[in-house]
Every structure is written in C-alpha cells, then in structure tokens.
Amino acid sequence: MSPPVLNQREPASDDLQAFAMIHGTVLAMSWLLATIVALYAYATAPMAMDGAALQETMAALRRAWPWYTVCYGLFLVADCAIALLGVLLMAWLAPHGGYRAWTMAVLFALAGMLGLVMDVTMLTAAQLFRSPSLLGDATTIAVVLGWLNATTAWFSAASFALSGGASLLAAPLAACAGAGRRWIAFTRILAFYQLLVSAIIVAATLTAAAALGWLAVIFGVVGTPILASLWLVSLMREIRHEA
C-alpha cells in the first residue's frame, strides 16, 4: 500500500490558535464543572422514586432544583462548543473541505444539537422541581422521572455515538494533514472510548442492570469529560506547536 498523500496547508494562523484556545478552554471547563455539579445534584436528589415516600422525593427535588439548573446550564455551554468542534477541526485539518471533513463537521454538530435538546429538556424539568406538586401524584412523578431518565440516556448514547464517529473521521484527516502521531492515536482512542460508552449506556437502558448503570456513570459521566479535556489540551498544543 502506498503511504497517504499529505495535504499541503498553511500553518495555523494566530486567529485559529486564539479560537482553538478559547474554544477548548470553554468546552473543557464547562464540561468538567457541569459534571461536578451533576454528581452532587444526583447524589442529593436522585431522579427516581425508588420506593421513597412522595413527600421526601418532592422535598429533595425542591432543594436540588438550583443545582440541576446550574448543571444543565453548564452542559448547554459545553454542547454548544461540541457542536462547533467540527468547524474548528475542519479549519485546521481540511480548510478546503472534502466529503470526509464535511461529514465530520456535521456529525459533531448533530452530537452537540442532541445534547442541547437534552439540556433544554432538563432545564425545563428543573423549574418543575421548584414546585414538584405541579407534577401531580406519586404515580405521575414516577412516570415523569422515568421518562426523563430514559430520554437523557438515549440522547446521551446517540450523542456519544455521533461524536465517536466524528472523531474516527478526524483521525485520518489529521494523518493526511501531517498532524502528530501521538495526537492522532489519542484521537482514535477517544473515538473508540465514546463508542464504547454509547454501547454501555444502551445496554444499561435496555437491561436496567445496576452494574451496567454504574459502568455508564463511571465511563460516561466521569471518564468522558476527563479524557476529552486531556484531548482538548493536546489539541491546543498541537495547533500551537505547528504554528
């Protein structure tokens, strides 16, 4: 097999470096902060009845609604940045376009848009948590919480799958553009990791197995923002290094 033909492109401009720095910092910080707040919110007021008394569940949700609001407000910022990630990578790796570059950009945009829909849904739900009595009786509250959990799970799985697919497309683009081998390898690792997380979330949702649920939390909620933040740092360094 012949080696891939390297694309001839100009070094990263100052504007692109600045955009990458701002974009990467905003995405990493908002995602990490949202994760911390989310873990606290779900720990203090899980979105499930689990046999608890109605009044206890309503009281916990009422106390936690500000945390859910802050959490998904931060996730909204992060998902906006994810939607624009393909634009950044395309401007850096394939400024002249191409079907693979456009597909990557569209997949990242769809991943971010799915996240935005989920964020808006949860921000709306958080306002209902201010007065859980609006949700009605215990049966209605249980149904609403179950629907929210299922919706966020499926949207998260789809978003991870789309982002993983986009990352897989970014790796060969980076190879053709002459990016560093370590960064390309890291990109592939992140891609397969996201696809794995998506599969775990789907399996956990379909089976309702507690072990898979915990794996989804560990690998998806906790692991992904940490790994993605490290990848974003490496991306900013790679762009700055070639300038």
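If you read the sequence shown in our numbering, its first letter stands for residue 1, the second for the next number, and so on.
The beta-carbon is built from N, C-alpha and C at its ideal position, and this holds for glycine as well.
From a predicted model like this one, the values you see are computed outputs, not experimental measurements.
Is there contact here, the stretch 122 to 130 with the stretch 85 to 101, by at least three beta-carbon pairs under 8 Å?
-> no
Tell me where the alpha helix (DSSP H) around Ser167 begins and ends.
-> 138 to 177
Leaving out five residues on either side along the sequence, give the residues of the same chain with a beta carbon under 8 Å from the beta carbon of Gly220.
-> Ser156, Phe160, Val197, Ile200, Ile201
Phe19 to Ala185 span [Cα, whole Å] | 23 Å
Quick one: what does DSSP say His23 is sitting in, helix, strand or coil?
-> helix
Simplified DSSP state of Pro95, which is helix, strand or coil = coil
Just the Cα atoms here: how many angstroms apart are Arg63 and Tyr40?
-> 12 Å
Exposed or buried, Met122, counting other C-beta atoms within 10 Å across all chains shown (16 or more means buried)?
-> buried
Alpha carbon of Val96 to alpha carbon of Ala177, nearest angstrom | Checking the sequence, you will find His at residue 96 rather than Val. C-alpha separation (whole angstroms): 12 Å.
At least 3 beta-carbon pairs within less than 8 Å: the stretch 18 to 37 vs the stretch 220 to 229 | yes
Pro66 in three-state terms, based on DSSP = helix
Would you kindly work out how many angstroms separate the C-alpha atoms of Ala216 and Ala12, rounded to a whole number?
-> 37 Å
So what's Ser13 in DSSP terms, helix, strand or just coil?
-> coil
Proximity below 7 Å, CB of Leu74 to CB of Leu33 | yes
Ordered along the chain, which non-local residues of its own chain (more than five positions away) have a Cβ less than 7 Å from that of Ala45?
-> Ala60, Leu61, Arg63, Ala64
Residues near Gly146 by beta carbon distance below 8 Å, same chain, minus five either side | Ala48
Considering only C-alpha positions, which residue in the set Met21, Ile22, Tyr68 is nearest to Val37?
-> Tyr68
Alpha helix (DSSP H) segment containing Phe192, residue limits | 181 to 207
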